[in-house]
Each structure stands twice: as structure tokens, then as C-alpha cells.
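The sequence shown begins at 1 in my numbering and counts up by one. All residues carry an ideal CB built from backbone N, CA and C; glycine is no exception. These numbers come from a predicted model, not from an experiment.
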Amino acid sequence: MKNRGCLFLCATALLASLSASALDRGGVTFDFQKISDARFAASEKTDEVNLIRNGDFSRQESPDDPFRWHSNYCHVHNAAVPSDSPIRRNVKKAVKWEIRDGVASIVKSPDLVKYCNGDEKIASGVSGGFVKYVQLAQTNSGTYKLSFSYRMSHSVGDKGYAIVSLFDKPENKRIQNILPKGNLLVFHLADTGGNWNLFSREFTVPAGINCLSVVVRIDGVGELNFRDVRLTETKAAEKITLKLSPHGFLDHTFAVSQNQPAVMTFVWKKNTDDRFSAKNLEFVLTLPAGYEFKGTSFAEKNSIRTVKTQDGGSEVRFRINPSLSGYLPGKNFNFYLRMPMMIATDTAVGTRGAASLRIEENGRTVSNVEPVELSTIPSVRAAHRPSRYFSGIYIGGLYLSFQEPAADALFAKLMGDAGVQWVVASPGTRGKAWRENGVVYITPENYWVANGFRVGLPEGRPEADKYRYIGNSNFNLDNATCPAAVYEEREYFAKNTKEMIRKSLAGCDGLWGNWEPYMFAGKGCMCDTCRANFAKFVNVPLEQMKKEWPAELGRGKKYYDQIVRFRSLEHAKMVKTIHKAVVEATGGEKSLGFIPGIAWIEMSSSWRPMNLAPEVQAYDYADSLRWINPWGPYPCWDTQQPFGYDKKRMLSYFISARDVREQVNRDYPEGKRPKLMSFPHGLQLCDWVIQPENLELGMDAFFFNGFESTIVYAFPKGYDNRYWNAFARAVDTAGKYESYVIDGKRIDGDVQLIPVPEYAAPSGTVADAIPRYKNEPMLQVAAYRLGDKRIAAVFNFWEKGEAFFTFRLAGLDPEKSYTVTCGDDQFVPAAGRSVYTGVELAKGIPLHAGAARCAVYEILPAGKALTGKTLWSAEKLDQLYRSRRPELAKEAEADRKFEELNNPKDIALEDMSSAGIECKVNAEKQTMTFAAKQDSIVLSTKEMSILEWTVKGRKLIQGNPVSGFGTAVFWEPSWQPQGAYRVLKQEKIKDGFRIVGEMYVTSNAQPLLEALKVRQTFEITDSCRKIALNTTLENASTDEAPRIHRFGLRYHCFPVAPALKNGSAEMTRNGEKVPYVRDYRQALFSTGDKVFEDTVGKTFSVKKPLVKITEADVVFRAPEVPALSLALSPEKEFAGFALWDSPKQFCSTFEPCFKQITLKPEEKISYGITAVAGE
1 MKNRGCLFLC ATALLASLSA SALDRGGVTF DFQKISDARF AASEKTDEVN
51 LIRNGDFSRQ ESPDDPFRWH SNYCHVHNAA VPSDSPIRRN VKKAVKWEIR
101 DGVASIVKSP DLVKYCNGDE KIASGVSGGF VKYVQLAQTN SGTYKLSFSY
151 RMSHSVGDKG YAIVSLFDKP ENKRIQNILP KGNLLVFHLA DTGGNWNLFS
201 REFTVPAGIN CLSVVVRIDG VGELNFRDVR LTETKAAEKI TLKLSPHGFL
251 DHTFAVSQNQ PAVMTFVWKK NTDDRFSAKN LEFVLTLPAG YEFKGTSFAE
301 KNSIRTVKTQ DGGSEVRFRI NPSLSGYLPG KNFNFYLRMP MMIATDTAVG
351 TRGAASLRIE ENGRTVSNVE PVELSTIPSV RAAHRPSRYF SGIYIGGLYL
401 SFQEPAADAL FAKLMGDAGV QWVVASPGTR GKAWRENGVV YITPENYWVA
451 NGFRVGLPEG RPEADKYRYI GNSNFNLDNA TCPAAVYEER EYFAKNTKEM
501 IRKSLAGCDG LWGNWEPYMF AGKGCMCDTC RANFAKFVNV PLEQMKKEWP
551 AELGRGKKYY DQIVRFRSLE HAKMVKTIHK AVVEATGGEK SLGFIPGIAW
601 IEMSSSWRPM NLAPEVQAYD YADSLRWINP WGPYPCWDTQ QPFGYDKKRM
651 LSYFISARDV REQVNRDYPE GKRPKLMSFP HGLQLCDWVI QPENLELGMD
701 AFFFNGFEST IVYAFPKGYD NRYWNAFARA VDTAGKYESY VIDGKRIDGD
751 VQLIPVPEYA APSGTVADAI PRYKNEPMLQ VAAYRLGDKR IAAVFNFWEK
801 GEAFFTFRLA GLDPEKSYTV TCGDDQFVPA AGRSVYTGVE LAKGIPLHAG
851 AARCAVYEIL PAGKALTGKT LWSAEKLDQL YRSRRPELAK EAEADRKFEE
901 LNNPKDIALE DMSSAGIECK VNAEKQTMTF AAKQDSIVLS TKEMSILEWT
951 VKGRKLIQGN PVSGFGTAVF WEPSWQPQGA YRVLKQEKIK DGFRIVGEMY
1001 VTSNAQPLLE ALKVRQTFEI TDSCRKIALN TTLENASTDE APRIHRFGLR
1051 YHCFPVAPAL KNGSAEMTRN GEKVPYVRDY RQALFSTGDK VFEDTVGKTF
1101 SVKKPLVKIT EADVVFRAPE VPALSLALSP EKEFAGFALW DSPKQFCSTF
1151 EPCFKQITLK PEEKISYGIT AVAGE
């Protein structure tokens, strides 16, 4: 879905004639879609001429063409091998060259070692590659860039190369018959772990050269694929790439508020292998007249110098502080150590000017010149400040720790002007300035009190206090502590950890902690103390527990349910002990205590049915805390990926906030109810960004849904002052209406909003975490009554269009009159009448909300006539609506198509029977159950997969609510589509049923697979003893917007047999059985595809040795259940099985995987599984 622009930013001349002050049309600041299209299409739309003919391998080449792609390049690069050795003649037998689907491949089999007489050293020096000869357009010296995408892996050796040779070819000679000039240009390729990497190198060609050759080769045993080969004449590349972050990834504009500071942040990376020295690098910032440099945090203090330029601007130069070597550029942007530069201006509002930043090394520019378009906007001010509700920021980094007290004080003043009352960050020397500017609460974060069990410094911790865990982990769990060591307040905790907490919180009001203990799930603690405590918990003699520990703790085992409950209670006791220590360190009764930041779903209406954190349930400790932070959701755009429009992004804030507030009120009685801190998204990670309007909407959504605090996470992180302005507007709103929200009564049930037909359709889904919310209106309301006064905060979450709607309000006195206002606007029945009656409001009056806006309407008993308001009669508002109706109709139609693609409607499913199988439909759960005597199958129509398969009363398959047997998933790119299938067909067939479901991948779901159509066809036959699944993948992109998809498919399976006693899986290698017995670890079984092995091995973090198989089938067996056999097709595309497993899973995913393929527009491919129960 294309974003149709940043709408509604100004009124048309027609509308200006209706009113001197037109209503706010709303809209957003940035056109993310346009920005994304320009950035990510840039590499395809270039004016540079590609000198490589057929660089995309799209054409069939003549064997007589000297400039074709030459295969058969294969040499033994070992002088010890005689020139007449059979080795040199035979090695080509182990090399395969192929060009297919736009990719050139060199595959070198393990037979290469055999042809090298078993000597891997010789085999490592055998090359295989393609050669391309290129005619240059000119013979003067020049700089050229060679680039291509490649993927390489080895089983013997590790070398790959791109080699350029230069020639001065006479007209009458073949290039193959002449020797190159000068030295070869040799560039190394590295193994890529299954990923596609970009090779890009520049080189200089001296005068007199008219041809060159390019060799792309792999040495040793392995595979090299490459595509999109380009050779262009270009300017020399900079050594360093510099970006304004995040605005450099947007449109390079940066707004500074008048007479206030603004902090630009930059990131950089190096494009060479050079090592840079801080003493040789100098930052050069140029500013236009009227804009002044105020400071930074990473400069060598005495190196800063500013000079005036001829145009009245300034040039600021400084070097990096040598002690901050971590700031030096690496091969990737470091978004955490962003480099700040504070500027300020006293220029008039509307002033614009061009700034730039570059890097010099020893006086020579070595970076791009990064442009910044500065503009001056009005000063940021929150006119109203709440006193019982608190807005704040999570700073997230060192970028606001300036070297000068004056700069720190200047920024603290901006925070105060914007209404910041709470800061989550270590204050350092800034705390005093913060407090002086209105900050009430400071709650730092401590790395050593985080993620559930990382409590206290690991150095010096006694062995008995350490967290003991079962199995292996991809995370460092060795820094964790046993929960009993904390809640028993053993000596190390009492003396060391509590003292560390006390020192880190000096002058603060509490401690915020990132509390994501997912890496500890199913792991422990397994120490002797915890074992003894668990034995008491389940009332079992310790000696017996020693025999059963840990064998009987896993999922499906004797003590599984009890150990899960025990661990949650142990964790809760630890959290309460941490809270007690924080309270003691930060003021006792005045302290905010310990504030764990947990996923919002853990306090939503889904926390019981989904139970995603059973070993660390917030319900077990939250009633002992004063505050808790259910963070998220985080609707945003990752600017390092293409943008995909998703209409429900901001709606998810409101629905999740309301849901959490209601659930917390149900779960915790007053007096035992923690206050709620929200964490709406600011900026995270690799410049995950939002619109300024989204920031304000998010803050408003949590405020009006009754949270007690809102902290923007993280902020400002390089955002300009347009975002500060949005923050201040939200604070101002909270300041105006906190008495309604805190002291009033919620009356949403008294309000009805009825939008005009030219408005967005309800959003089919809101968030996977709260699936019960479906078809939620894009127009939402939070209404309150305080005495005889009422407010209605009307949220229009549709970014594409404003909302004209009928507003109905019940519960008013029909005999009384009321004023209806929103900001500076007053809404009246007609000219000459300034109030509505209670009867009229109950019947409904016309109102308006701008796109992506929260319009707060005040409905007050009529008193004295209001002054200074712009009057909007019902007639005038209707004229405005009619003038905008064509535009809104166009957007509403586009929205309808968006819903059709993203939230398709199923056909009407029916209960029916066929061939002895009964089919029952559960519309609420979105499942179909097929049953025949003791056998049954449960199919999810939402995920188009089998959730349960039972034969003879015993389960063979056990999935979960979001995945099951046959779930179509991708290993490249790594992605699982969820909940977007539409059932196309439910029909009877000869021996049972056929069910067909389809989904269309949209850009907001997965930009890399946009326009891919996935069709799942299940045939359930033989009295529920056989399932045949066919998956057809079609590239449904059009000529108008063509897409080329490269992907690898996998299926989830969830077989039960290997999870049972004496259970196993049997695969095949050359006719012999290859058994697998469950060990709760990731594993890989491969037919030999190196790309699959490298990519999935890395994605799954497989530590076990890879196991080779040859056949596309598997049988699952266990004594207590019937056997289950799977056959995969097409066999030639089968790559192997990947197992994702852990002790917390009932059974492994056991995933059949297929080789990566490329689909061009209108191409399709089908895969399948045939599953049969019984021998």
C-alpha cells in the first residue's frame, strides 16, 4: 500500500473562504513511503553505465562471444604439484558451473579432495570461477567500482577472490592471447554464513588500458553464488560514511526551536580496513548565520575552535577525546554511541539555512559532506503541567552528557520548557540542573540489576550464590545469581549488592530495571539449595528428589507444572527483596522503589491464556511494588529496511493501553495495585523511528487510558525539536485534563461516534498479543465525567484522512444547555445559537478530528457566552465536509483495498461430514475439528496449520496457538507469517475433506516478500489417518511494481513421539537409518546444501555437529503412540531438517526445509508433505 503523502497540512483556498481559522486537517510530518522508495530504489535507478554486459545473467550468451561469461576457470595454485600431474587434469571433475535464475554458481564437491590424492592442503588451493572480459569506454586513467552480491561457504579451505587484470589489447588480437599489464588487483571474499553480502571495491586504472578481466572464484571445497555484477566508472569513495541520525535517514531536515537548544546526533562507519587515530581525525561542522554551536560530549576539550565564515555563518572544528576510542568508526554504524552536537538559534521563526558535517584526516576530507537543512520553529512550551501524572524520557545513552555545565544547564532548560518531570537515566553531574527545571523523579537503570536473575556484580560472588542452569545457552547466564541468595539476603547480597545499589542511586528516587528473563526459561536455578527448597515445595523427601532431579522437571515430566510454579514464586521473592533494598536506598516512604520493565502482554488480558512468562509471572510480585512498567507496544519504522504502511500501528497503542489498564484493575484491588508507567516508542536500535504526531498520540493514548506516568523510550536520540514540540503538546493536554482522568469517572459507554462513509474501515486486527480485539474502529474515544462537566478525547488513528463524525452523548439533563468546545473552536447548532441541549447531544451533533490527531472535546453546562472562539455551525461543518469529500472518498477506497489484502474475510464455513469424518467449525477459536472415532485433527484456519492430531486417543502432533504441523515459515528471510490467511474453499472429496487457505504478503508484513501469494491446501482423508499438504508460492507482483523474490521455505511440525519415553525420529542416509533421540538442543540434518547449512545453522545457533542425510522422509516413533511418517516433495529441492528445541518446549519444531530459490514475477513453485499415521 503506497502512502499517498503527508496530507492535510494546509487548507485550500476554497476552505479558507469558509472560515478564517480552518479546522486542523491533521496528517504527519514525514512521508515515510516516499523517503523509503527514494532510498531503497536508488541502487536500481542509477545513471551510471554498467560496463559488465549481462551482469544480471538475464540473457543467453553466444559461445562465440569473447565478452561472454566464461566458465571452466579451474587451476591448481600449488607449485609443488607438477605441471603434468593427473591432479591438474582431474580437479575440474569436482567443479560445477551454473547460471540460473539470475545467479552464477560455482559448486565444488568433496570429491575435489579425492582428486587431490586426499590432500586437503592441495584441495584448498584449487580454484573454480567465472571470467568476464570488459571493453573500457576510454583509455585515460580513471577510478572504477566493481560490485556484486555474493554468498560463499566452505567445508575445506576458506578463500575466495575477485581478481581484476588490466590489458592493452591491440585491435587484431584476442584478449585471451595477450598478457595483462602491471600487477593483478586481488580482493578477498569471506564466507558469509549463508547470508548475501555486498562486495564493493574501487580501484584505479592507469592510462593506456582499454580492457580488463574480472575473475570471481572460490578456492577449496564449497560453493560460491554471485549476482548483480556491476562495473562503473565513478568517483573515489570516501573512507568514512557519515550520517545525521535519524534525520539523515529521513529527509535531512532538522528543526531548531527559537531561543532553545537542539541536539543533532551523527553516526559513522568506515569503508576501508584502515585504522583511524583520534588525534588525526577532525570534525568540521559548518553552520549558517544565526545558528550557534553550543557543545558536544565526545570532543577533546581544548581542540574545539570556531571561526566566522564570509557568509556570516561559522565553522566549528574539534577532535575526538583520545580516551573515547570506542567512538572511532567501525564497519557498521554504531547507533548507541551516537555523536551529539548541540546548536541553538535566536533567528526568526521560518528562517532556513544549510549546515553540513564532514571528517578530515590530517587536513584532507575523508568522508562525505553530510547536509543538514536547518529551520527555526517556535519555542517549545508546555503551558499546563500535571501535578499527579508524570511525563518523562528514557535517555538511553551518553549523548546528552555534555562537557560543559553551561551546555548541560541549557539542555535541562529545554527539558523543563517541554514539561519533563521524570528521567530514566543516571544523573551524574546533571541532576541538579534537572531538578531546577522541574524534574520530579530520577530513576536510573543498572546493568547489574536486570533481566530477572542478573543481580549484583559477578566478581567475588560465592559459588553457592551462583545461578546454576541446565544444558547450554546462547546467552551468558554465568553472571546470574540464585534467587534464594537474594531473598535470603545472604552475606554477598547484604554487603556487596545492596551497597552497589545504594551508591548507584545516590540522589535518585528509585530504580528502573529492564526485566526480560526469557533467556532463563527452563534453565534453573538448579543449585542444591533450590533443589532442597523444591523438594519441600512438592512435599517429597530430599533423597528421592536427588534421584529425580533434573530428569523429571522437563515439559511433560512428573514435576513440570510444579517446577514452573515454584520458579515463579522464587523469582517473586527475589523481586520483592530488590524492591525493599531500593526503597531503603532512596528515601523510604518517598521512594518509588524498584520498577521492573516487563512486556506489556504480561499484564494484558492475554497473560493468563497465553502464559508467555509462566516462570516469572508479574502477578506473583506486582502487588508488592509501588510502580511497574509494562513497556510497549512499539509501532515504528526501522529505517534500515523498506517502509511498509500499516494502518493499525498507532491504534495498537490505544487498545493495548486500555486493555492493560482494565486488566490491572481486575487483577489488583486498590491498595495492592501498582501504578502504571508506560513506555511509548521514541527511537530504538538502528533508528527505528516514528512521526512526531505518533509520539503525541501515543502519550495521549496512555494518559487518557489511566496510566499514571508516560516515559518516552528512548528520547530524544537525535530527534529534532518538532518531536520536543509534540512531547510538550502531550504534556499540556495532560496538564489540562488530569483532574478528569484521576478524579472523574470513565463514561465511554455514554458516547457513540458515527463517522461519515468516507472514512477508514475498522482494522481487522490490532495486535497478535491481544487477538480478541478484531475490527476495531480507527476512531476511538476516552470519555470522562467530573461533576456535571464532561470531556471526550476523540482519537483519529487514520493517518490518511480526517474524520467527520456524528457525536452522541447520553446521560445529560435534557432540560439543560451545554457548550461544546475543542481548543479554540466552539461547535454550535446554527448561527445565532451558541449552545446545544441535552436532547440534541443525545441525538447526535456533527464534529471533526484531524488525521492522526487526538481532539479533546469539552461538554460543559452553559454559562456566560464564551469569547475568543471560532464558531463552527453544523451547516458550516457540513460545507467543509462536502468540500473534502472527494479526497476522503479516494482515500477510503484505498483503505478498503488495504483491508482486503491485510485482513481478508473467510468464506462461510459449515459443519459437515464426508467419508466417515465429521467436520465441526469453531468460529470464535478459528478452528475446524475433523473427527472419526478415536482419531481427530484440529486445523487452525487463521494460521492454516494443524494444531493437534490424535490417533487412537494419543496425540501425534501438538502445536500451539500460533503454529502447528504444516505452518509455512521462511528460513531466508527468517520470517513466520501469522494470522493473515483467508479460507477459500471447504469441500468434500472422495475420502474426506479439502481445505484451501491463502494469504497475500503485504509490505507491512514483510517488505522482502511483498506480493508473494501463499496458498495452503490440506487434504484430510483415511478416517483422519492421513494428511496431504500442498503449499504453492506465487510471485504475484505486476509489471507496474515487479518484485524478484529469493527465499527458502520451511515447515513447523511439532511431533510428539520424540518427546516421549524411548521416542525417536528416523531419517535415512544412503539406505541406512539415521536415528535422533531428543536432547533439547538445536540440531541440523542436511542433504548437503551449504547455504541451508550455514544460514539455518547460524539462525538456530546450532552447536551440535551437523548430521548428513540423503532422503526426504522421516518416521517418528515411540512405544506408546502410533508411528508417524512424513514424505517431503519435491525431493530434489529438499535441504534437510532443522530442530528448534529447549527444555521449556513440549516438543521440538522439527522443521523440514527446502533449498533457497528465486521466483520472478508470475512464477510459482509448490511444496508438500504427506503425513501418514501408523506403520
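request  = Pick helix, strand or coil for Arg352, following the three-state DSSP scheme.
outcome  = The sequence position of residue 352 within the sequence shown is 352, counting from 1. Reduced to three states, the DSSP call for Arg352 is strand.
Endpoints, alpha helix (DSSP H) assigned at Gln641 = Residue 641 sits at position 641 when you count from the first residue of the sequence shown. Element bounds for Gln641: n/a, residue is neither H nor E.
task = Report the rounded CA-to-CA distance for Asn334 versus Asp84, giving the unit in angstroms.
result = One-based indexing of the sequence shown puts residue 334 at position 334. One-based indexing of the sequence shown puts residue 84 at position 84. Rounded to whole angstroms, Asn334 to Asp84 spans 54 angstroms at the Cα level.
request  = Rank Gln135, Val107, Thr586 and Ser1037 by C-alpha distance to the C-alpha of Pro444 and give the top, closest one.
outcome  = Residue numbering aside, residue 444 sits at position 444 when the sequence shown is read from its first letter. Minimum Cα distance to Pro444 is reached at Thr586.
task = Please check the pair Gly392 and Val424, which I expect to be a contact at CB under 8 angstroms, by giving their CB distance rounded to whole angstroms.
result = By 1-based counting over the sequence shown, the position of residue 392 is 392. By 1-based counting over the sequence shown, the position of residue 424 is 424. Yes, they are in contact, since the Cβ atoms of Gly392 and Val424 sit about 7 angstroms apart, within 8 angstroms.
key: Leu685 to Phe970 span [Cα, whole Å]   = As a working note, residue 685 is residue 685 in the sequence shown. As a working note, residue 970 is residue 970 in the sequence shown. Between Leu685 and Phe970, the C-alpha separation is close to 24 angstroms.
inquiry  = Going by C-alpha to C-alpha distance, which of Asn539, Lys503 and Asp465 sits closest to Cys1177?
reply    = Only positions 1 to 1175 of the chain appear in this structure, which leaves residue 1177 out of reach.
inquiry  = When you compare the CB positions of Lys523 and Tyr560, do they come within less than 9 angstroms of one another, or not?
reply    = In the sequence shown, residue 523 corresponds to position 523, counting from 1. In the sequence shown, residue 560 corresponds to position 560, counting from 1. Going by C-beta atoms, Lys523 is not nearer than 9 angstroms to Tyr560.
ask   = Going by beta carbon distance, what residues of the same chain come within less than 6 angstroms of Gln1156, once the five residues before and after it are set aside?
value = Start at 1 with the first residue of the sequence shown, and residue 1156 comes out as number 1156. Only Glu972, Gly1048 and Val1091 meet the Cβ criterion.
query = Do the region 1151-1165 and the region 1130-1138 touch if we need at least three Cβ pairs shorter than 8 angstroms?
reply = yes
query = Skipping 5 residues on each side, what residues in its chain have a beta carbon closer than 6 angstroms to that of Arg1015?
reply = Residue numbering aside, residue 1015 sits at position 1015 when the sequence shown is read from its first letter. Only Glu998 and Thr1032 meet the Cβ criterion.
Between the CA atoms of Gly157 and Leu149 - distance to the nearest angstrom = Taking the sequence shown and counting its residues from 1, the one referred to as residue 149 is at position 149. Taking the sequence shown and counting its residues from 1, the one referred to as residue 157 is at position 157. Here the sequence assigns Ser to residue 149, which means Leu is not the residue at that position. If you take the alpha carbons of Ser149 and Gly157, they lie about 21 angstroms apart.
ask   = Excluding sequence positions up to five away, which residues of its chain have a Cβ less than 6 angstroms from the Cβ of Phe594?
value = Mapped onto the sequence shown, residue 594 falls at position 594. Answer for Phe594: Leu511, Ile578, His579 and Val582, listed in chain order.
query = Asp311 to Val366, Cα distance in whole Å?
reply = Here the question's residue 311 lines up with position 311 in the sequence shown. Here the question's residue 366 lines up with position 366 in the sequence shown. If you take the alpha carbons of Asp311 and Val366, they lie about 25 angstroms apart.
task = Ignoring anything shorter than 4 residues or poking outside the region 606-670, list the alpha helix (DSSP H) runs there in chain order.
result = 607-610 and 651-667
ask   = Cα separation between His1198 and Ile690?
value = There is no way to answer for residue 1198, as the model of the chain reaches only from 1 to 1175.
message = My assumption, with CB atoms under 8 angstroms, is that Ala842 sits in contact with Ala810. Please give the rounded CB distance.
response = Position 842 of the sequence shown, counted from the start, is the residue given in the question as residue 842. Position 810 of the sequence shown, counted from the start, is the residue given in the question as residue 810. Between Ala810 and Ala842 the Cβ distance is about 6 angstroms, and since that is below 8 angstroms, they are a contact.
ask   = Which class does Leu685 belong to by DSSP, given the choice of helix, strand or coil?
value = As a working mapping, residue 685 is identified with position 685 in the sequence shown. In the structure shown, Leu685 sits in coil (DSSP, three-state: anything other than H, G, I, E or B).
ask   = What whole-angstrom Cβ distance do Gly513 and Val449 have, given they're in contact under 8 angstroms?
value = Position 513 of the sequence shown, counted from the start, is the residue given in the question as residue 513. Position 449 of the sequence shown, counted from the start, is the residue given in the question as residue 449. Rounded, the Cβ-Cβ distance is 5 angstroms, consistent with contact.
ask   = How long is the line joining the alpha carbons of Asp251 and Ser303, rounded to whole angstroms?
value = Looking up residue 251 in the sequence shown gives position 251. Looking up residue 303 in the sequence shown gives position 303. Approximately 31 angstroms between the Cα atoms of the pair.
task = For the beta strand (DSSP E) holding Trp422, just list the boundary residues, first then last.
result = Taking the first residue of the sequence shown as position 1, residue 422 is located at position 422. Run containing Trp422: Trp422 to Val424, per the beta strand (DSSP E) assignment.
key: Distance CB(Ser257)-CB(Asn721) smaller than 9 angstroms   = Looking up residue 257 in the sequence shown gives position 257. Looking up residue 721 in the sequence shown gives position 721. For Ser257 and Asn721, yes; Cβs fall inside 9 angstroms.
DSSP state of Thr733 mapped onto helix, strand, coil = Within the sequence shown, numbered from 1, the residue matching residue 733 stands at position 733. Thr733 falls in the helix class under three-state DSSP.
request  = Return yes when the Cβ of Met574 is within less than 9 angstroms of the Cβ of Trp627, no when it is not.
outcome  = The residue given as residue 627 occupies position 627 in the sequence shown. The residue given as residue 574 occupies position 574 in the sequence shown. For Trp627 and Met574, no; Cβs fall outside 9 angstroms.
query = I think Arg853 touches Asn796, with their Cβ atoms under 8 angstroms apart; what is that distance to the nearest whole Å?
reply = For the purposes of this step, residue 853 is identified with residue 853 of the sequence shown, where counting begins at 1. For the purposes of this step, residue 796 is identified with residue 796 of the sequence shown, where counting begins at 1. With 8 angstroms as the limit, Arg853 and Asn796 qualify as a contact, their Cβ atoms being about 6 angstroms apart.
query = Secondary structure at Trp1176, three-state DSSP: helix, strand or coil?
reply = Residue numbering for the chain in the displayed model covers 1 to 1175; residue 1176 lies beyond these limits and cannot be assessed.
task = For Ala865, count neighbouring C-beta atoms within 10 Å of its own C-beta (all shown protein chains included) and say buried if the count is 16 or more, exposed if not.
result = One-based indexing of the sequence shown puts residue 865 at position 865. It is exposed - the Cβ of Ala865 has fewer than 16 other Cβ atoms within 10 Å.
task = Counting only runs of 3+ residues fully inside the region 341-428, write out the beta strand (DSSP E) ranges in chain order.
result = 352-361, 370-377, 390-394 and 422-424
key: Sub-9 angstroms separation of Ala412 and Glu436 beta-carbons   = In the sequence shown, counting from the first residue as 1, residue 412 sits at position 412. In the sequence shown, counting from the first residue as 1, residue 436 sits at position 436. The answer is yes: Cβ separation under 9 angstroms.
request  = Could you spell out where the alpha helix (DSSP H) holding Cys530 opens and where it closes?
outcome  = Working through the sequence shown from its first residue, we reach residue 530 at position 530. It spans Asp528 to Phe537 - the alpha helix (DSSP H) in which Cys530 sits, taken as one unbroken run.
message = Give me the DSSP bridge partner(s) of Leu786.
response = On the sequence shown, residue 786 is found 786 positions in, with the first residue counted as 1. Looking at the DSSP assignment, Leu786 forms a beta bridge with Lys789.
task = Could you please give the first and the last residue of the uninterrupted beta strand (DSSP E) stretch that includes Phe1137?
result = Position 1137 of the sequence shown holds residue 1137. That run of the beta strand (DSSP E) goes Phe1134 to Leu1139.
message = Is the beta carbon of Ala793 closer than 9 angstroms to that of Asp732?
response = Stepping through the sequence shown from its first residue, residue 732 is reached at position 732. Stepping through the sequence shown from its first residue, residue 793 is reached at position 793. No, Cβ-Cβ distance for Asp732 and Ala793 is not below 9 angstroms.
request  = Quick one: residues in its chain with C-beta nearer than 7 angstroms to the C-beta of Arg174, no 5 flanking neighbours on either side, listed in chain order?
outcome  = As a first step, residue 174 must be located in the sequence shown, where it is residue number 174. Excluding positions up to five away in sequence, the list reads Pro66.
query = For Lys1206, which of Ala622, Val856, Trp688 and Ser62 has the nearest alpha-carbon?
reply = Lying outside 1 to 1175, the shown extent of the chain, residue 1206 is not represented and no answer is given.
key: Residue range of the beta strand (DSSP E) that includes His826   = Mapped onto the sequence shown, residue 826 falls at position 826. Position check: residue 826 holds Gln in this sequence, whereas His was assumed. Here the beta strand (DSSP E) through Gln826 covers Asp825 to Val828.
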